[in-house]
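Accompanying notes for the structure given below.
Right, here's the structure in full:
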């Protein structure tokens, strides 16, 4: 079993942030009901809450933790459902207790980076219907909505759509992903962030394709260590992004889904999410 680096999050501070954020959810949902273009605001709020939940409930044994994961995943996936139809058209997009929302049409938020976050959440949730919706999102539409992406991004989205859609991943497509992580070629991502956050889960995925458990284990340990290196000095009270290593988490789940053994213990990877044992 790989035991990855510890982090320095304050559980009491995380609880305080959850207590501050939770009462605002209903108002944000009501805002979405009145104006569906505000869904990204709700999503970011829910994602922030989920990251703090990863601190206070690392084992993911609290039903509220799973509810927050479900809610955030619905909101993230819903952004693409609303963007796919003509603005004003009613859709079957469900977010929390809202069942059906008017489409927004294409938006600047329905991009590859948002798609990746949505995919990591849907994979952690093991929600096949949600994953199918994400697989069906046209890459061209995401690219058209984007203005500042690096070369790895859309080949990476296409690669994951193929894998999650149970299709073969063309070698040349994944090669484009790997080549696109060259920090010397990146225009919008720092070399440090590329090598610590973007590249490690891509490397893990390569070993999933190869079904190489030994090298996957090494890549997993390295991914979480690099994640720790990136975020260890962050002020988690204002910048909680590093509290949950969502991409490596998703890679472990995908590895296990194809029969690979992948064991890890890390505060960045909630054990309950790794096991997939939802608590109701």
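In the UniProt record's numbering, the protein residues as written are 1 to 280. Glycine included, each C-beta is placed from N, C-alpha and C at the ideal position.
Hey, residue i and residue j are a contact pair by Cβ (cut 8 Å); roughly how many whole angstroms apart?
i: residue 202; j: residue 178; result: 7 Å
i: residue 75; j: residue 42; result: 5 Å
i: residue 192; j: residue 261; result: Not a contact, Cβ separation roughly 31 Å.
i: residue 134; j: residue 78; result: Not quite, the Cβ-Cβ distance comes to about 11 Å (not below 8 Å), so this is no contact.
i: residue 66; j: residue 73; result: Not a contact, Cβ separation roughly 10 Å.
i: residue 182; j: residue 200; result: No, residue 182 and residue 200 are not in contact; Cβ-Cβ is about 15 Å, not under 8 Å.
i: residue 173; j: residue 159; result: 6 Å
i: residue 270; j: residue 54; result: 5 Å
i: residue 196; j: residue 166; result: With 8 Å as the limit, residue 196 and residue 166 do not qualify as a contact, their Cβ atoms being about 31 Å apart.
i: residue 258; j: residue 220; result: That belief does not hold up - the Cβ atoms of residue 258 and residue 220 are roughly 15 Å apart, past 8 Å.
Which partner residues of residue i appear in the DSSP bridge assignment?
i: residue 94; result: 99
Check whether the Cβ atoms of residue i and residue j sit closer than 8 Å, and answer yes or no.
i: residue 281; j: residue 124; result: This structure cannot settle anything about residue 281, because the visible part of the chain is limited to 1 through 280.
i: residue 156; j: residue 137; result: no
i: residue 45; j: residue 16; result: no
i: residue 107; j: residue 141; result: no
i: residue 48; j: residue 267; result: no
i: residue 274; j: residue 51; result: no
i: residue 279; j: residue 10; result: no
i: residue 154; j: residue 139; result: yes
i: residue 286; j: residue 112; result: Residue numbering for the chain in the displayed model covers 1 to 280; residue 286 lies beyond these limits and cannot be assessed.
Straight-line CA distance for residue i to residue j?
i: residue 4; j: residue 229; result: Unreliable placement is indicated for residue 4, whose pLDDT of 48 sits below 50; the coordinate value is still reported in the next sentence. Taking the straight line joining both Cα atoms gives about 11 Å.
i: residue 180; j: residue 37; result: 32 Å
i: residue 84; j: residue 225; result: 38 Å
i: residue 31; j: residue 94; result: 15 Å
i: residue 119; j: residue 176; result: 20 Å
i: residue 127; j: residue 211; result: 23 Å
i: residue 80; j: residue 71; result: 15 Å
i: residue 2; j: residue 87; result: Its pLDDT being 48, under 50, residue 2 is placed unreliably by the model, and the measurement read from it follows with that caveat. Those two C-alpha atoms are separated by around 48 Å.
i: residue 99; j: residue 33; result: 10 Å
i: residue 255; j: residue 171; result: 19 Å
i: residue 131; j: residue 103; result: 20 Å
i: residue 90; j: residue 117; result: 25 Å
i: residue 186; j: residue 152; result: 9 Å
i: residue 216; j: residue 35; result: 44 Å
i: residue 150; j: residue 194; result: 10 Å
i: residue 13; j: residue 143; result: 38 Å
i: residue 205; j: residue 163; result: 10 Å
i: residue 247; j: residue 18; result: 23 Å
i: residue 26; j: residue 218; result: 43 Å
i: residue 276; j: residue 234; result: 28 Å
i: residue 237; j: residue 57; result: 17 Å
At a threshold of 7 Å, does residue i count as lining the ligand MN (C-beta to nearest heavy atom)?
i: residue 78; result: Summarising the ligand content, the structure contains no ligands, and the ligand MN is consequently not present.
Please decide whether residue i counts as near chain C, where near means a Cβ-Cβ distance under 8 Å.
i: residue 56; result: No chain C appears in the structure shown, which is made up of a single protein chain.
*asked:* I'd like the ranges of any beta strand (DSSP E) spanning at least 3 consecutive residues and lying wholly in the stretch 33-114.
replied: none
_Segments assigned alpha helix (DSSP H), at least 4 residues, entirely inside the stretch 215-270_ = 246-257
*Give, in chain order, every unbroken run of the alpha helix (DSSP H) that is at least 4 residues long and sits entirely within the stretch 144-190.*
153-164 and 171-180
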